[in-house]
Amino acid sequence: MSDATILSVRDMRVHFQVKAKSRLPWAPSRTLKAVDGVSFDLRAGETLGVVGESGCGKSTLSRAILNLIPATHGEIVWMGATLTQASAREWHAVRADVQMIFQDPLASLDPRMTIGQIIAEPLMEHRPGMSRKDIDARVRAMMAKVGLREQMINRYPHEFSGGQCQRIGIARALIVEPKLVICDEPVSALDVSIQAQIVNLLKALQAEMKLSLIFIAHDLAVVRHISDRVMVMYLGRVMELADKHALYDTPRHPYTRALLSAVPVPAPSIERGKVVQILSGDIPSPMNPPAGCVFHTRCPMAEARCSQEVPELRALDQGSSAACFFA
Ligand SMILES: Nc1ncnc2c1ncn2[C@@H]1O[C@H](COP(=O)(O)OP(=O)(O)O)[C@@H](O)[C@H]1O
Ligand code: SF4
Ligand SMILES: [Mg+2]
């Protein structure tokens, strides 16, 4: 893994104006802070796992990185260039280098196109000079790489299983040889038995193609195998960002510990020192987040200070950082 940073996200905020549920046209809109001050760096060839319960802003963050949703605030630096004021043409170039894989494999594939056409589409868009013959050869080679038989090239998405559809989505994302792939819960909709196959495929392709990955999931067990570092999000904010081994062996933030205790983790060091902290209660609404530390309403360690002051994400030892006064 190289140390060169390919992506920096600085104080990213994505706030939505949401109309109150009222039929009165003058009803005021309220601000929903889906992403609220997220910063991280991604190195070339690295996999960053992003984890948090549903609704904590993972998808919004990934779409804002690609400018598919406008950010309210913040800066994105891609390969050394700041994209804040980038033109449509510059974004087009970035989108060839940064591809996405989505959660619902079937829904993300156009049902009227054959899988050959689906996989070829990004090539037609980003490599307009390429001949039909070369495109066809690239598509067939990519299909083989993701474990799809060549004879399937003229079939339609509905003829495939969920796992196969995700292989098609992966082939489509990788065909333009991107530098970064953002995988938004790529295995959450799949059977557990298929999940490991897809994670292993992504890991193998990442090594072969020297990709960087952002791999989003809602639980820590899924990202463990594939990640180099893991970022834990809660209500649009980063609670902990750490090297994989540090995060699973010595989690520093109470939310990370709660997530770890909610899933079976085959790590003896955790089992021994494990404090049983199953998350209680629902995640609060991002429309009305708790004051102070956003996690304080569910935190077993919360003290008076936690409901008044916001803990900043601060660097700890072992390259970990956590947003908790007592981490
Ligand atoms: N376009 C939108 N308008 C208003 N609220 C939105 C929009 N998109 C997402 N949200 C809200 O933002 C929050 C974060 O959503 P999301 O990024 O999808 O979370 P996650 O991917 O972690 O489940 C949720 O409360 C969601 O309802
Ligand atoms: S700052 Fe307080 S409420 Fe927040 S995680 Fe730490 S102990 Fe819990
Ligand atoms: Mg999501």
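FYI, the UniProt record's numbering numbers position 278 of the sequence shown as 278, with every residue one higher than the one before it. Beta carbons are placed, not taken as given, at the ideal position from N, Cα and C, and that holds for glycine.
Within the segment 106 to 147, the runs of alpha helix (DSSP H) that reach at least 4 residues and sit entirely inside it are, in chain order, 115 to 126, 132 to 145.
At a Cβ-Cβ threshold of 9 angstroms, V222 and T256 do not count as neighbours. For the set K145, S193, E159, the Cα lying nearest the Cα of E177 is the one of K145. Taking C-beta atoms as the reference points, G162 and K33 fail to come closer than 9 angstroms. Of all alpha-carbon atoms in D191, H218, L180, the one lying nearest the alpha-carbon of L202 is that of L180. Beta-bridge pairing by DSSP links H253 to no other residue.
DSSP places M209 in the uninterrupted alpha helix (DSSP H) bounded by 192 to 209. Contact annotation: I76 and I69 have beta-carbon atoms that are not nearer than 9 angstroms. For W78, the enclosing beta strand (DSSP E) has its first and last residue at 73 to 78. With a cut-off of 8 angstroms on Cβ pairs, the segment 148 to 159 is not in contact with the segment 86 to 99, counting fewer than three such pairs.
Placement of the Cβ of E53 at a distance of 8 angstroms or more from every heavy atom of ligand 3 is found.
With a cut-off of 8 angstroms, the C-beta of E185 is classified as near ligand 3, since at least one heavy atom of the ligand falls inside that distance. In this chain, R305 is not harboured by any alpha helix (DSSP H), its DSSP state being neither H nor E. A straight line joining the alpha-carbon of E121 with that of R172 spans about 8 angstroms. Looking at Y248, A4, T47, the one whose alpha-carbon comes closest to that of Q318 is Y248. CA-CA distance, H218 to S59, rounds to 11 angstroms. The straight-line gap separating the alpha-carbon atoms of S285 and S108 is approximately 28 angstroms.
The C-alpha of A44 lies about 28 angstroms from the C-alpha of S54.
Per DSSP, S59 is not a residue of any beta strand (DSSP E); the alpha helix (DSSP H) it occupies stretches across 58 to 65.
Between ligand 2 and M231, a heavy atom-to-CB distance of less than 8 angstroms is absent.
M100 and A189 have their C-alpha atoms some 16 angstroms from each other. R167 places its beta carbon less than 9 angstroms from that of I198. When rounded, the separation of the alpha-carbon atoms in H225 and K19 is 41 angstroms. The C-alpha of C324 is placed about 26 angstroms away from the C-alpha of F16.
Residue pairing by DSSP places H15 opposite K33 in a beta bridge. With respect to the C-alpha of S212, the residue from R229, M143, L220 having the closest C-alpha is R229.
In this structure, the C-beta of G45 stays at least 8 angstroms away from each heavy atom of ligand 1.
Cβ neighbours of F295 within its own chain (closer than 6 angstroms, five residues either side excluded): Y234, Y255. Closest in alpha carbon position to V187, among N288, A258, S261, Q103, is Q103. Residue burial annotation: S321 is buried, with at least 16 other C-beta atoms found within 10 angstroms of its C-beta.
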